[in-house]
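Residues 12 to 204 in this note's numbering are what the sequence shown lists, from first letter to last.
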Amino acid sequence: MKSITVFCGSSTGTESIFMEQAFQLGKTLGENNIGLVYGGAKVGLMGAVADGALSAGGVVTGVIPDFLRSKEIAHTGLTELLIVDSMHTRKMKMNELCEGVITLPGGYGTMEEFFEMLTWAQLGLHKKPIGILNTNGYYDAMITLVQTMVDNGFLKEVNQEMILISDDIDTLLGKMKNYVPPAVGKWIKKDEV
Numbered sequence: 012m013k014s015i016t017v018f019c020g021s022s023t024g025t026e027s028i029f030m031e032q033a034f035q036l037g038k039t040l041g042e043n044n045i046g047l048v049y050g051g052a053k054v055g056l057m058g059a060v061a062d063g064a065l066s067a068g069g070v071v072t073g074v075i076p077d078f079l080r081s082k083e084i085a086h087t088g089l090t091e092l093l094i095v096d097s098m099h100t101r102k103m104k105m106n107e108l109c110e111g112v113i114t115l116p117g118g119y120g121t122m123e124e125f126f127e128m129l130t131w132a133q134l135g136l137h138k139k140p141i142g143i144l145n146t147n148g149y150y151d152a153m154i155t156l157v158q159t160m161v162d163n164g165f166l167k168e169v170n171q172e173m174i175l176i177s178d179d180i181d182t183l184l185g186k187m188k189n190y191v192p193p194a195v196g197k198w199i200k201k202d203e204v
């Protein structure tokens, strides 16, 4: 993989391990010549992952809507900062620029980004690996909820298996490199959209 989009919070969280692992993920990407694509902010886990990649000489592309840039949260030390007109355009651009996705802890925005990318994969609109770096068990409850979806017939097991999960960066990257997407999307193919 040449580039990975990272979705994560603009807050630091309650435990120092969240910032530490975000920085380490960025650093690992930089050390492995994997470009980082992320939301362009200098705050919270977003800033930490960017700073980690930059500390290792990595290429970092931020994608930020103009209304957030104007609030002075844009990271000014990136390789490239792309300014877009909306949150939706931001997601589309981040998808275009990456070959895989990793989700770190975050709030509503992070969840929305993660689930939209996952839904696009389920529908066959892309075949990129989607990983969760489950720092400090942050996503344990969500993983249980996804199992409940399968158990109650609202999600196929093959689609559950699209979520690659680890609390270890190298293990997660290994799973992503070896990912084989489901052979069939849920209902449609990309050329039908």
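Where is the CB? At the ideal position from N, CA and C, for every residue including glycine.
Only a predicted model underlies this, so the values are computations on that prediction, with no experimental measurement involved.
Query, Result
"Option nearest valine 70 by Cα separation, candidates Gln133, Met30, Lys13", "Lys13"
"Exposure of leucine 156, with buried meaning 16 or more beta-carbon neighbours within 10 Å", "exposed"
"Start and end residues, alpha helix (DSSP H) containing tyrosine 119", "119-133"
"Isoleucine 180 - containing alpha helix (DSSP H), residue span", "180-188"
"Element boundaries [alpha helix (DSSP H), containing valine 161]", "151-162"
"Assigned secondary structure, isoleucine 176 (DSSP; H/G/I helix, E/B strand, else coil)", "strand"
"Glycine 46 at chain D interface by Cβ criterion, 8 Å", "Annotation note: the requested chain D is absent from the structure, which comprises a single protein chain."
"Cβ-Cβ separation, isoleucine 84 to valine 54 (assumed contact under 8 Å), whole Å", "5 Å"
"Isoleucine 141 in three-state terms, based on DSSP", "strand"
"C-beta contact flag for alanine 64 and leucine 40 at 8 Å", "yes"
"Enclosing beta strand (DSSP E) for threonine 72 [first to last residue]", "71-76"
"Proximal residues to glutamate 26 (C-beta, below 8 Å), its chain only, five neighbours per side dropped", "Asn147"
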